[in-house]
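Before any comments, here is the structure.
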Amino acid sequence: MGRCLAFLLGKHCDLTICSRDLRKAKALARKAGAKAADYGGCKKKDIVFLAVPTQDLTEVASKVSNLMPAGALLVDLSSVKCGIVEVIERSLPERLYYISAHPLFTSHRVRRKNAMLVPVRAGQWMERLRQLLVVAGMEVKEVGAEEHDIIMAAIQVTHHFSLLSLREALREAGFRDLKELEPFMTHSMAKTIGALRLIESNMETIDMIQEKNKFAQYARQRFIEQAERLDERYRHSSALN
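Quick note, the numbering used here runs 62 ahead of the 1-based positions in the sequence shown.
Structural data, given as structure tokens:
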């Protein structure tokens, strides 16, 4: 998500890619048309986006926030909010503002770029951040932390779980390698397999969403119950025929 935002925001603000690994920061900055710096680059920035793994968010937020000037805004990009935004907010100095964001896309080239914003300690920054994201091509929805996680349980958790279930069912059917399916795939199945491959390339985040979203278990159970109802319906129809 951080890479996507870099490409989108680089055209609309004075963007600096900050990282503890300056070499990596410079490589991305060249592609995004931005500057590069270590964490010290956060000292003069009005807005700092945290694009790090969820397990590192609190540590990095604490480190970076101590460098940021008074009145600046910290924005995390976590895919789960409840249990995370509260911890981050407690770690921040009172002089800073904080909004949690969730871009709902993995490439800056997609046509529709939805994003969700959770105002935690937003102050005057909410509208300014929304406008920046809109100018960069995003469609922005404001939600609360719990509302975000309920929605994402219904959408992300269920979607990912259904695709992973399909993968396991295909393996049980003898297709251990997805490439073995290619001679038999319909166009719609090819698109589904493309989505599955994308998920498999990002399993660390997928697992985190399934494990950390407190509404995930209910979403999975709801999916399983509906699958069982459909199975029962088709079993009944088959018996009648």
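Don't be surprised by glycine CBs; every beta carbon is placed ideally from N, CA and C.
- Excluding residues up to 5 positions away in sequence, L240 and L243 lie with their Cβ nearer than 8 Å to the Cβ of L232 in the same chain.
- For a cut-off of 8 Å, the C-beta gap from A235 to M200 is around 40 Å, too long to register as a contact.
- The Cβ atoms of C66 and H170 sit closer than 7 Å to each other.
- When only Cα atoms are considered, Y159 and R152 end up about 12 Å apart.
- Between T78 and Q117, the alpha-carbon positions lie close to 23 Å from each other.
- Residue environment analysis places K253 among the exposed positions, since fewer than 16 neighbouring C-beta atoms fall within 10 angstroms of its C-beta.
- For S81, there is no enclosing alpha helix (DSSP H), as DSSP marks it with neither H nor E.
- DSSP, reduced to helix, strand and coil, places A113 outside both helices and strands of the structure shown, so it counts as coil.
- Three or more beta-carbon pairs drawn from the stretch 273–280 and the stretch 207–225 are found closer than 8 Å, and the two stretches are therefore classed as touching.
- For the pair V126 and V110, the CB atoms are nearer than the 7 Å cut-off.
- Cβ-Cβ distances below 7 Å link H210 to K143, H164, M178 and V180 in the same chain, with the five nearest sequence neighbours on each side left out; the list follows chain order.
- Counting only residues of its own chain and dropping the five nearest sequence neighbours on each side, K175 has a CB closer than 6 Å to the CB of F167, G199 and M200.
- Counting along the chain, the unbroken alpha helix (DSSP H) around V126 starts and ends at L119 to S127.
- Take the alpha-carbon of A68 and the one of H298: they are about 53 Å apart.
- Exclusion of the five residues before and after A132 leaves R157 as the residues of its chain whose Cβ lies within less than 6 Å of its Cβ.
- By the C-beta density criterion, A257 is exposed, having fewer than 16 other C-beta atoms within 10 angstroms.
- Taking C-beta separations shorter than 8 Å and ignoring five residues to either side along the sequence, the partners of L228 in its chain run T254 and L258, following chain order.
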